[in-house]
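**Student:** My questions all concern the structure below.
Residue numbers (our numbering): 189 to 632.
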């Protein structure tokens, strides 16, 4: 009895295994057959679609009609979508007209309303891709869909279509997504709002007074990315919001706009109790680049937060010539090692060291002296790589001037560079300068 039961179990397992194997083989066979037919349809209808678009007088639209869901239907759809992607403005209406005449638009709307989850999502995406204006009410209704992908694709499509009537619904979706990240992609909704440009301001502006700070913060973030001067006053008001995240985002947005009128208000935030506000305020001042903010930014080189200190150095580096005297002063007179290191790193990053080296042969005495002093301070603080590179690539006169600066700076590394020049430099005048400098640098 036990043996019979065991045989039965083995037979059942073998049968199930064989059935699975047979199903996989048949599925692969039919899929291959379907793909093969689709490829043939693509080969036929791709050129035909192009011909109908280019010369409708000689090719009839009737040649493109196919049964909904068939390989021919899919091939025509793919060809039309491809043509739509590449179409210029004057050809858009012609291609869109084919989507309407061949029944694709009606099919998409029907699937959006009554299809399965994935069918509704694809339908929404297609309606957006072809910029279907008459689908806007249906897409707005789809924003209430419980399936996440449908909702997100509907938002995406509305952003592509750009019908202002959808803006209030998109903003509501945006607010909903702030509370429920699982149901709504804030990135997609934000992108949709940005696609409307200045037209989205009118529906976003009232939300700056929303009692929920997360909503205000998200709105300020979007307004800042619009890069439209119409939002400057809104962002300046947001600088005074009690929530630090909002103040930080407002400063960031104003920095992106680089509006000089905001300098005074942003400068007031560089001493904010929250480091993230100080960080974005300093960055914003650097982006605006107003000379009067140099001293304000300089103070933040000694901030208690290292990220703010680095941002201050980067901001001053961005301002380059306007900030160079301040940066040089930090190198020569500041006792904070970290502040000096940040300045050295930033001057090297923006290529200022190379420019200073070039000024060593400047005819104006004051320009040359400033360059020598700053380079001397850089060498003392360890910025030797650009000096070594210049000794290998610059002309004899600059190499000789660099040796003068190295003699002025002193230190073991300076001695090594000068000694190397004495041994290897091909120019006699540079060798002579190196010999003189080396004698002065040797300990007595």
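We treat Cβ as the ideally placed atom computed from N, Cα and C, and that holds for glycine.
Keeping to the same chain, check which residues put their C-beta closer than 7 Å to that of residue 347; ignore five residues upstream and five downstream.
**Tutor:** Same-chain partners within the cutoff: 379, 380, 383.
**Student:** Should the stretch 524-542 be called in touch with the stretch 555-571, which here means at least 3 C-beta pairs below 8 Å?
**Tutor:** Touching, yes, given that three or more Cβ pairs across the two stretches are closer than 8 Å.
**Student:** Compute the Euclidean distance between the alpha carbons of residue 472 and residue 454, then round it to the nearest angstrom.
**Tutor:** Each residue's alpha carbon lies about 8 Å from the other.
**Student:** So for residue 412, helix, strand or coil by DSSP?
**Tutor:** Helix at residue 412.
**Student:** Assuming residue 331 and residue 339 make a contact with CB atoms under 8 Å, what is their CB distance in whole Å?
**Tutor:** Confirmed, Cβ separation roughly 6 Å.
**Student:** I need the DSSP call for residue 458, collapsed to helix, strand or coil.
**Tutor:** It is coil, neither helix nor strand.
**Student:** What does a CB cutoff of less than 7 Å around residue 403 pick up in its chain, not counting 5 residues either side in sequence?
**Tutor:** Only 363, 366, 395 meet the Cβ criterion.
**Student:** Let's test the definition: count the other Cβ atoms within 10 Å of the Cβ of residue 602 and tell me whether it reaches 16, buried, or not, exposed.
**Tutor:** Residue 602 should be labelled buried.
**Student:** Check for me: the alpha helix (DSSP H) holding residue 362 runs from which residue to which?
**Tutor:** 355-367 is the extent of the alpha helix (DSSP H) around residue 362.
**Student:** Leaving aside the five residues before and after residue 309 along the sequence, list all residues of the same chain whose C-beta is less than 6 Å from its C-beta, in chain order.
**Tutor:** Counting only Cβ-Cβ distances below 6 Å, and skipping sequence neighbours, we find 337, 338, 341.
**Student:** If you drop the 5 nearest sequence neighbours on each side, which residues of the same chain put their C-beta closer than 6 Å to that of residue 233?
**Tutor:** 263, 264, 267.
**Student:** Measuring CB atoms only, is the stretch 517-527 touching the stretch 541-549, in the sense that at least three cross pairs come out at less than 8 Å?
**Tutor:** With the cut-off at 8 Å, the stretch 517-527 and the stretch 541-549 do not touch.
**Student:** Reducing DSSP to helix, strand and coil, say where residue 572 ends up.
**Tutor:** Of the three classes helix, strand and coil, the one that applies to residue 572 here is coil, per DSSP.
**Student:** State yes or no: is the C-beta of residue 320 within less than 8 Å of the C-beta of residue 293?
**Tutor:** Yes, these two residues count as a Cβ contact at 8 Å.
**Student:** Can you tell me whether residue 428 is buried or exposed? The criterion is at least 16 other CB atoms within 10 Å of its CB, across all chains shown.
**Tutor:** Classification of residue 428: exposed, given that the 10 Å Cβ count is below 16.
**Student:** Identify the continuous alpha helix (DSSP H) that holds residue 503 and give its terminal residues.
**Tutor:** 494-507 is the span of the alpha helix (DSSP H), which, as asked, contains residue 503.
**Student:** Is the beta carbon of residue 584 less than 8 Å from the beta carbon of residue 608?
**Tutor:** No, they are not a contact pair.
**Student:** Going straight from the alpha carbon of residue 442 to that of residue 386, what length do you get?
**Tutor:** Approximately 16 Å, taken between the alpha carbons.
**Student:** One question on the structure: do residue 626 and residue 619 come within less than 8 Å of each other, judged by their Cβ atoms?
**Tutor:** Going by C-beta atoms, residue 626 is not nearer than 8 Å to residue 619.
**Student:** Between the Cα of residue 491 and those of 465, 240, 539, 630, spot the shortest distance and give me the residue it belongs to.
**Tutor:** Here the closest residue by C-alpha is 465.
**Student:** Drop a sphere of 10 angstroms on the beta-carbon of residue 285, count the other beta-carbons inside from all chains shown, and report buried for 16 or more, exposed for fewer.
**Tutor:** Under this definition residue 285 is an exposed residue.
**Student:** My parser needs the alpha helix (DSSP H) runs of 4 or more residues fully inside the stretch 300-353; what are they?
**Tutor:** Those alpha helix (DSSP H) runs which fall completely within the stretch 300-353 and span 4+ residues are 305-317, 324-330, 336-349.
**Student:** Give the range of the alpha helix (DSSP H) segment to which residue 400 is assigned.
**Tutor:** From DSSP, residue 400 is part of no alpha helix (DSSP H); its letter is neither H nor E.
**Student:** Could you tell me the boundaries of the alpha helix (DSSP H) in which residue 434 lies?
**Tutor:** 432-445 is the extent of the alpha helix (DSSP H) around residue 434.
**Student:** Please name the residue, chosen from 478, 496, 587, 433, that lies closest to residue 446 on a Cα-to-Cα basis.
**Tutor:** Considering only alpha carbons, the answer is 478.
**Student:** For residue 488 versus residue 458, is the C-beta spacing smaller than 8 Å?
**Tutor:** For residue 488 and residue 458, yes; Cβs fall inside 8 Å.
**Student:** Looking only at C-alpha atoms, which of 398, 400, 410, 401 sits nearest to residue 389?
**Tutor:** Comparing Cα-Cα distances from residue 389 to each of 398, 400, 410, 401, the minimum goes to 410.
**Student:** What's the gap between the Cα of residue 509 and the Cα of residue 237?
**Tutor:** Straight-line Cα distance between these residues: approximately 59 Å.
**Student:** For residue 482 and residue 514, which I take to be in contact (beta-carbon distance under 8 Å), what is that distance rounded to the nearest angstrom?
**Tutor:** Right, their Cβ atoms sit about 5 Å apart.
**Student:** Looking at the structure shown, is residue 491 part of a helix, part of a strand, or coil, going by DSSP?
**Tutor:** Here residue 491 sits in coil by DSSP.
**Student:** Ignore the nearest five residues each way along the sequence and tell me which others in residue 586's own chain have a CB closer than 7 Å to its CB.
**Tutor:** So the list reads 545, 548, 549, 578, once near-sequence residues are dropped.
**Student:** Looking only at C-alpha atoms, which of 351, 444, 392, 345 sits nearest to residue 376?
**Tutor:** Looking at the Cα atoms, 345 is the closest of the given residues.
**Student:** Would you call residue 399 buried or exposed, if buried means 16 or more other Cβ atoms sit within 10 Å of its Cβ?
**Tutor:** Label assigned to residue 399: exposed.
**Student:** DSSP on residue 196, reduced to helix/strand/coil?
**Tutor:** Residue 196 falls in the helix class under three-state DSSP.
**Student:** According to the neighbour-count rule (16 or more other Cβ atoms, all chains shown, within 10 Å of its Cβ), is residue 261 buried or exposed?
**Tutor:** Residue 261 should be labelled buried.
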